[in-house]
Structures are given as structure tokens and as C-alpha cells.
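Written below as C-alpha cells is the structure these notes are about.
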Amino acid sequence: MSARVTVGMVGLGGWGKNLLRNFGALPGSDLRWCCDADEATRAAYTPAHPGARFTESYDELLADPDLQAIVLATPVPTHFELARRAILAGKHVMVEKPMTWTAAEARELRDLVSGSGLVLMVDHLLRFHPGVDKLRELIDTGELGDVRYVYGNRLNLGRIRPDENVLWSLGVHDISVVLHLIDSEPVEVWARGECYVQPGVEDVAFAYVRFASGQVGHLHLSWLDPHKMRKMTVIGSRKMAVFDDMEPDRKVTVYDKGDWQTPAGRISTHTGDIWIPWIDTREPLAIACSHFLEAVAGDSAPRTDVDEGLRVVEVLEAMQTSLERGGETISLGAAAR
Ligand SMILES: NC(=O)c1ccc[n+]([C@@H]2O[C@H](COP(=O)([O-])OP(=O)(O)OC[C@H]3O[C@@H](n4cnc5c(N)ncnc54)[C@H](O)[C@@H]3O)[C@@H](O)[C@H]2O)c1
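Residue numbers (our numbering): 175 to 511.
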């Protein structure tokens, strides 16, 4: 067996081409297969990857005994079945977000992969962003005090998808970060959204998740906005921090702002220094792909494993139910796990 991990890419579309670029170049990767249902798409990438075999047949990848890992960048409704078949064929899997369409499917994948020795990693890209690592570090070191609430803004005049709504397409990123930053179990959610462009596909959504600790996360998601915003704000009891992915060289800003009690017992506010910590500038997707290769090579659980994929899909599914019921509050029960 090669010291490098043998990789098969499936889905070479809008996002898959970025994964292909990484798995075609990373030193730990030996790109063996490229699979896409569309002939023109396959033809477009063949010259750049002479060492890989191009095919429309997923079965060819599953049947290759030398292929260790499959990377899935196909549309969301295909994730479950393609991942399930890969695991049954003994392949490690990296699957694009969201891991599955339903929590029931996610649980089935978890049950299938558990004890198999296989890696199932979901590409929750922001979990590999050094800016998000910095937010987590600021929380862990106590710099921000107690986290009170976290909110995300993910807005753009962006690609309007015909199948996924803005919650499943964009919200999945923020949910993975909010769950990572708040050390408590989510207990209830609500979401409201509007379908301005296509009937039945929300292009704008506002969503809320409340944790057992009383901490809260809020998301504003939209494909219909003049601003391109990729922001996550953490409000702590001592300081506040903003991760802004649109900023080229000040991804995280820490504000020494907050409330305090005066000796006379009055509540006052205070504004102090603003500082910008250094952040690693590596591409988060390259970090994610390397992490997957390391997990496969080392037989270790990845940072965004099947349990994390399930947690995120559970929150998404509950938010979707709330959207469909006009913003009703939905409890997240632990019973189904
Ligand atoms: N992590 C991120 O930031 C990010 C960004 C965009 C998209 N995505 C995710 O990437 C995935 C793909 O999205 P996209 O925008 O690239 O979609 P896309 O429609 O542009 O590309 C999908 C590709 O998959 C191919 N395909 C579909 N079914 C197939 C099958 N059964 N076998 C082989 N090929 C098949 C299609 O021919 C197409 O080339 C989705 O899960 C999406 O949510 C992630």
C-alpha cells in the first residue's frame, strides 16, 4: 500500500473542483480516481490530472481494492447513499456538508461506521478556519469571560439553489461553528424564512438556537442582500470578538467592551482597547483536506466526525420543521440518539 492515501473524488462541480485542486496537490494524497456523472465536466479536468482515471461509474471506485478514501462533493440528496455504499465497500469517506438530508440517515451512517475502523468526516469547512480556532482559543483562555451569546451573518447576492434552501446551504456553516463555540447541548430552536425568488425555497432565514446553559446562537442567512457578509460575533461577559472572513488581514478583532458593576453597585459599560490577533492564512479547505488524509493515515477520528455531522443535521432538521410551521419553537430531544 502507498504511503500516501489513495483518493477518489466524486462530483467535480462548482465546489468539487476546489477539493480536486487540493487532493490533486497535497503531498499526502495519491489521486487515483475522478468520478462525475457529466461527461463535459470530466473532460474539463482530465488534462490537469493525468495520473487519475476518470469515470462516470461510481461502482468502479468501489471495486478498486487499492482505493482507500472517497471524497463526495455531489448534491446533498446523494450524500447518504453514496457514503453508505462507500462504507460498505470498506472506504474512508469525506463528505461535503450537510452530511445528509435527514437525521435518520445521519444516524444510519453513524451506526454503520462505528466500530468499522473507517473514517467518516464531514466537511464543515469553518471548523478548519484559523479564525474560528482563534475564537475558540479566546474562549478557552478566558479572555472573553463567559460566552453569553453568539450570532452569525452569512449574506450575499449569491447562488440561488433550486433544491436546498438558504438554511441547509449556508446555515450549516454557522450551526457547526455555534455548536463548537458553546459548550452545552442545544435544547430548542426556531426559524423563520421567506421565499422571495422561488416558491418553497427560502432565500432569507432568521434562526435561533438555545442551549441547556441558557446561552443562545442566532443566524441571519440570505442570498438576497447587497452586502457580502461572513461574520460570527461572540459576546462574552468580559470582552467581545468578531470573526470576519471578508477581511483580508484582520479576520478576528477583539473588543474590550462590556458591562461592569461600579463600587456603588451601579451597572455601567466600559470601552477599552481593540486588538487584532495574528491568524494563520492557510486556505481552510487545504487544512480540512490534510486533516482528512491524516485521520485516514493515522486511523484517528477527525475533528468533524460522524457525530458532529449528526448534531448539525439534527439542528438543521429541527430548524426546517420550525420554518415549515411558521417559526414554532421546536425542542431537540436526546431520545432519538
Ligand atoms: N464547504 C463549502 O463551503 C461548500 C460550498 C459549496 C458547495 N458545497 C457542497 O458541495 C456539494 C456539491 O455542491 P456543488 O455546488 O459543487 O454542486 P454542483 O451541482 O455544482 O456539482 C455537483 C457535481 O456532482 C455531479 N454528480 C451528481 N450526482 C452524481 C453522482 N451520483 N455520481 C457522480 N457525479 C455526480 C454533477 O454532475 C456535478 O458535476 C454539496 O453538498 C454542497 O452543499 C460546499
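Even glycine gets a Cβ: it sits at the ideal position worked out from N, Cα and C. No experiment lies behind these values; they were computed from the predicted model shown.
Terminal residues of the continuous alpha helix (DSSP H) containing Q435?
-> Note, Q435: premise wrong, no alpha helix (DSSP H); beta strand (DSSP E) at V426 to Q435.
Within the same chain, show all residues whose beta-carbon is closer than 7 Å to that of A226, passing over the 5 residues directly before and after it, in chain order.
-> L205, R206, W207 and C208
Could you tell me how far apart the beta carbons of L344 and V408 are, in whole angstroms, since I believe they sit closer than 8 Å?
-> With a Cβ gap of about 19 Å, L344 and V408 do not count as contacting.
Specify the secondary structure class of M175 as computed by DSSP and reduced to three states.
-> Note that M175 scores a pLDDT of 44, beneath 50, so its modelled location is shaky; the value from the coordinates is reported in the next line. Reduced to three states, the DSSP call for M175 is coil.
Would you kindly check if the distance between the Cβ of E502 and the Cβ of A277 is under 8 Å?
-> Against a cut-off of 8 Å, the Cβ pair of E502 and A277 comes out as no contact.
Out of I504, L506 and G483, which has the shortest C-alpha to C-alpha gap to P272?
-> G483
Classify V296 as buried or exposed, calling it buried when 16 or more other Cβ atoms lie within 10 Å of its own Cβ.
-> With 16 or more other Cβ atoms within 10 Å, it is buried.
Quickly, what does DSSP pair F228 with across the bridge? List them, please.
-> C208
Do the stretch 187-196 and the stretch 211-226 meet, that is, are 3 or more Cβ pairs less than 8 Å apart?
-> yes
Which partner residues of I244 appear in the DSSP bridge assignment?
-> G182 and V267
Answer yes or no: the CB of P476 versus the heavy atoms of ligand 1, is any distance below 7 Å?
-> no
CB contact check: S496 to chain B, cutoff 8 Å = Of the chains in the structure shown, none is chain B; there is only one protein chain.
Pick out whichever of L200, E234 and I441 has its Cα sitting closest to the Cα of K265.
-> E234
Residues bridged to E498 (per DSSP) = DSSP output for E498 lists no bridge partner at all.
Assign A509 to one of three DSSP states: helix, strand, or coil.
-> Summary for A509: the model assigns pLDDT 42, below 50, so the residue's position carries little reliability; its value from the coordinates is reported in the next sentence. Of the three classes helix, strand and coil, the one that applies to A509 here is coil, per DSSP.
Taking Cβ to Cβ, would you say V480 is nearer than 8 Å to W449?
-> no
Provide the residue(s) that pair with G391 in DSSP beta bridges, ordered along the chain.
-> V324 and V383
Below 8 Å, can you find three or more Cβ-Cβ pairs linking the stretch 373-380 to the stretch 306-315?
-> no
Please indicate yes or no: does the CB of E376 lie closer than 7 Å to some heavy atom of ligand 1?
-> no
Based on the DSSP secondary-structure assignment, which residues constitute the bridge partners of M414?
-> I409 and Y429
Take the Cβ of W275 as the centre, count every other Cβ of all protein chains shown within 10 Å, and call the residue buried at 16 or more, exposed below.
-> buried
For W189, verify whether its CB is less than 7 Å away from any heavy atom of ligand 1.
-> Yes - ligand 1 has a heavy atom lying nearer than 7 Å to the Cβ of W189.
Beta-carbon gap between F293 and L300 smaller than 8 Å | The identity of residue 293 in the sequence shown is Val, whereas the question assumes Phe. For V293 and L300, no; Cβs fall outside 8 Å.
Would you be able to state if there are at least three C-beta pairs under 8 Å between the stretch 384-400 and the stretch 331-345?
-> yes
Length of the line joining the Cα atoms of E338 and P249 | 9 Å
Is there at least one non-hydrogen atom of ligand 1 closer than 7 Å to the beta-carbon of K402?
-> The nearest non-hydrogen atom of ligand 1 is 7 Å or more from the C-beta of K402.
Neighbourhood of T495 by C-beta distance below 7 Å, restricted to the same chain and skipping five residues each side = The answer, listed in chain order, is I504.
From M420, D433, S358 and A211, pick the residue whose C-alpha is nearest to that of L506; which is it?
-> S358
Is L299 near ligand 1, in the sense that its beta carbon is under 7 Å from a heavy atom of that ligand?
-> yes
Using 10 angstroms around the beta-carbon of A510, count the other beta-carbons present and answer buried if the total reaches 16, otherwise exposed.
-> Legend: pLDDT at A510 = 47, less than 50; position of this residue unreliable, value from coordinates given subsequently. A510 is exposed by the Cβ-count criterion.
So what does L398 bridge to, in DSSP terms?
-> Answer by DSSP bridge pairing, in chain order: L331.
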